[in-house]
Amino acid sequence: MKNIKKIIILDFLAIQSYLTFKNFAIYFVFAMLYGLISKTPITVLYTLSFAAVLYSSYPYFVGDESGIDALYKIFGIQAKSVVFGRYIFMYLMNLCAILMGIIMFLMINLALKQPVQLEGWISLSAGFLSIFLVSTGISLLQFPLFFKFGYAKGKILTIMPMMLVVILTAIVMGYFGDYLKKMNLEAIDPISIISFVGVVYLIVLVVSIRSSIFFYLKKEL
Amino acid sequence: MNNRIEIKKLTKHYETFFLDDVSFKVPKGYITGFIGPNGSGKTTTIKSILSLIHQYKGTILYNGQDICGENKSYVEDIGIVMDSTFLAKDWTIKNVERAMSVGYSNWDQHQFEDYLKVFEIDQTLKVKELSRGMNTKLMLAIAFSHQAKTLILDEPTSGLDPIIRDEFREILQAYVEDEEHTVLFSTHITQDLEAIADYIVFIQGGKIYFTGSVDDFLNRYVIVKAGLDEADTIEASAIIGSRQYHTRFEAMILREDLPKISDHWIVEKPTIDQIMVFHKRGNN
């Protein structure tokens with residue numbers, strides 16, 4: 007745990023030079039303007055989650071550029087701790103993005119004079135959670151490739167699993183679309199849907215972490 | 443425990459290069475020079491010692507303990523100065539200090555600040571703005587500030603001017619005044635070693651050719667010179683490396699093979715550089 011904490015702090019230090027006020031201001035202004043103009047405040051969460059995905063990949067970028075992975079080894083930190091540290095760091099980044107997004111979401115709502123009712127909060131929470139799961143899910147697909155190939159090559163190869171998801175979705179919809187429509191999804195118990203999504207997410211998480219550890223243990227610097 | 447590092451039959455294969463049964467010892471309390479031409483396997487060996495490379499055959503012992511285990515805390519005992527600093531290029535010296543205080547459990551901030559002053563490192567600069575010499579000094583300051591008992595230096599002086607190299611040699615000599623301190627110094631600039639090294643490990647083409655004291659290394663070989671017309675009088679099997687000019691011929695042989703040549707050949711003691719060059723040239 008001590009080493010995982012070290013990695014989180016070191017990764018933060020590694021990307022600190024990219025966490026500038028200017029960059030934050032750009033994201034803030036862009037997200038606010040887009041939310042206001044489109045009159046759909048939830049878009050701020052998409053923008054900030056995108057930023058979180060980007061920033062959580064930066065330690066790999068700095069790793070490619072400066073060799074900080076070697077530095078972590080020189081500190082005597084084990085490969086598993088590096089992997090766990092990177093994943094926790096990613097979740098922390100996404101959590102911050104979602105929390106900031108909710109604050110900005112409320113600000114836009116206030117500006118647009120669209121108070122959110124209690125019933126609205128339940129579906130909004132589901133929306134926030136979905137955005138969180140999608141953005142962290144993207145990182146879960148990216149990280150094993152980053153650990154194996156580094157940032158530059160991994161980023162290009164990341165497109166492949168994403169394309170695979172798109173292609174699989176298209177195939178499923180193509181073959182089973184009519185069947186799914188007949189299923190009347192709205193009638194399905196929300197607990198079942200949440201459980202299904204939760205199980206799929208957990209499987210992806212476990213596979214992602216195990217692959218990252220496998221690749222990183224083999225990696226020579 | 444007389445050896446800080448002991449390498450036994452280290453073998454590592456790459457597509458175009460391999461380390462072949464590399465074995466040598468780095469005695470505690472001394473400076474060991476690790477020499478060889480570029481691409482001879484020095485960095486691969488050093489990376490293996492630091493566990494940056496781990497898929498190899500053979501054994502590496504640090505303070506008598508096999509490093510091939512999950513626990514890599516022995517690396518904390520080693521100060522490293524390599525061709526690359528491993529520091530994020532955008533880090534300021536303050537960031538470097540913070541990162542090291544997180545990474546090293548026995549980091550001494552005040553000592554680091556003192557070394558920054560001694561080495562005259564401008565603390566307002568970022569890592570990417572430091573010169574090659576300043577980067578080397580920064581790595582040394584880091585190594586000395588986490589109480590490293592071993593220094594491993596991989597080509598630290600290449601690209602440095604003679605003044606900084608001289609300063610660097612003095613720093614190393616002062617470091618090994620403490621008997622607990624050990625240095626493994628890889629370089630192909632051998633003048634640095636002739637001045638300060640106690641032992642030499644000579645590697646070429648992934649094979650160890652010599653390991654022992656500097657004096658033994660220098661006394662092991664002789665360079666013999668004669669007119670070109672006499673070149674045939676020396677046994678080809680005795681020649682380690684040779685060079686032919688318009689009118690004269692010179693060769694490096696083992697000192698023990700001296701009786702095999704006639705008395706009127708000129709015999710000279712080689713420098714480390716010459717030994718490396720003749721080894722590389724072979725007998726053509």
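One line per chain: the protein sequences are A and B, in this order. If you're matching positions, the first sequence starts at 7 in the working numbering and goes up one per residue. If you're matching positions, the second sequence starts at 443 in the working numbering and goes up one per residue. Using N, Cα and C, we set each Cβ at its ideal position, and we do this for glycine too. Remember, it's a predicted structure, so these values are computed and weren't measured experimentally.
Chain-order list of residues whose beta-carbon lies under 6 Å from that of residue i (same chain, five-residue window excluded)
i, result
"Y40/A", "T49"
"V89/A", "S218, I219, Y222"
"I137/A", "L51, S55"
"Y157/A", "Y66, F67, D70"
"M96/A", "S62, S145"
"F111/A", "P47, V50"
"N9/A", "I83, S87"
"I676/B", "I703"
"P701/B", "none"
"K161/A", "none"
Supposed close pair residue i, residue j - CB separation, criterion 8 Å
i, j, result
"L452/B", "V468/B", "Contact flag wrong, Cβ pair sits at about 13 Å."
"L593/B", "A583/B", "Not quite, the Cβ-Cβ distance comes to about 12 Å (not below 8 Å), so this is no contact."
"G471/B", "H623/B", "7 Å"
"D532/B", "K484/B", "That pair is no contact at about 30 Å."
"F610/B", "G475/B", "About 14 Å separates the two Cβ atoms, so there is no contact after all."
"E226/A", "H496/B", "7 Å"
"G91/A", "K514/B", "The pair is not a contact, with the Cβ atoms about 15 Å apart (cut-off 8 Å)."
"P479/B", "K722/B", "6 Å"
"A541/B", "L105/A", "Not confirmed; about 27 Å, so no contact."
"A103/A", "A57/A", "6 Å"
"N565/B", "L558/B", "Note that residue 565/B corresponds to Gln in the displayed sequence, not to Asn. Their Cβ separation, rounded to whole angstroms, is 6 Å, which keeps Q565/B and L558/B in contact under 8 Å."
Beta-carbon contacts of residue i that lie in its chain and below 7 Å, excluding the five residues immediately before and after
i, result
"E539/B", "Q551, F554"
"M576/B", "I563"
"R607/B", "T599, D634"
"I197/A", "none"
"I109/A", "none"
"H461/B", "Here residue 461/B is Leu; the residue named in the question, His, does not match the sequence. Taken in chain order, the residues that qualify are L452, T453, K454, G483, T486, T487, G648."
"T458/B", "none"
"K45/A", "L118"
"N444/B", "P469, K470"
Cβ neighbours of residue i in the same chain (closer than 8 Å, five flanking residues each side left out)
i, result
"N725/B", "A678, I681, I682, G683, S684, A693"
"P121/A", "N115"
"T629/B", "G475, F476, I477, L595, E597, P598, T599, S600, L635"
"V517/B", "L492, S493"
"D556/B", "none"
"L42/A", "I114, A117, L118"
"I509/B", "I491, S493, I502, L503, Y516"
"F155/A", "L163"
"I14/A", "G91, I94, F95, L98"
"D644/B", "A small correction: the amino acid at residue 644/B is Phe; Asp does not occupy that position in the sequence shown. I477, G478, I650, Y651, F652, T653, F659, I717, M718, H721."
"Y498/B", "L452, T453, K454, L461, S490"
"K536/B", "Q565"
Contact under 7 Å by Cβ, residue i with residue j
i, j, result
"D596/B", "D519/B", "no"
"S490/B", "Q646/B", "no"
"I605/B", "K579/B", "no"
"K568/B", "T534/B", "yes"
"I477/B", "T713/B", "no"
"V656/B", "I665/B", "no"
"V59/A", "S131/A", "no"
"S141/A", "N100/A", "yes"
"F691/B", "A673/B", "yes"
"A37/A", "T53/A", "yes"
"K649/B", "I708/B", "no"
"T653/B", "F466/B", "yes"
"D699/B", "I473/B", "no"
"I638/B", "L602/B", "no"
"Y64/A", "Y24/A", "yes"
"L139/A", "Y207/A", "yes"
"A590/B", "G545/B", "no"
"I717/B", "Y651/B", "no"
"M581/B", "V523/B", "yes"
Whole beta strand (DSSP E) runs in the segment 46-72 of chain A with 3 or more residues, listed along the chain? You should have found no qualifying run.
Contained alpha helix (DSSP H) runs [length at least 4] in the segment 111-197 of chain A, N- to C-terminal order: If we require 4 residues or more, the alpha helix (DSSP H) runs fully inside the segment 111-197 of chain A come out as 124-155, 157-188.
Touch check for the segment 68-85 of chain A and the segment 137-150 of chain A: three-plus C-beta pairs under 8 Å? No, they do not touch.
Do the segment 542-550 of chain B and the segment 492-507 of chain B make contact, defined as three or more Cβ pairs closer than 8 Å? No: fewer than three Cβ pairs fall under 8 Å.
Ignoring anything shorter than 4 residues, give me the alpha helix (DSSP H) runs that lie fully in the segment 641-673 of chain B, in order along the chain. Complete alpha helix (DSSP H) runs here, min 4: 656-662.
Whole alpha helix (DSSP H) elements within the segment 672-725 of chain B, 4-residue minimum: Counting only runs of 4 or more, we get 714-723.
Could you tell me which whole alpha helix (DSSP H) segments of length 4 or greater appear in the segment 583-648 of chain B? The qualifying runs are 604-617, 633-638.
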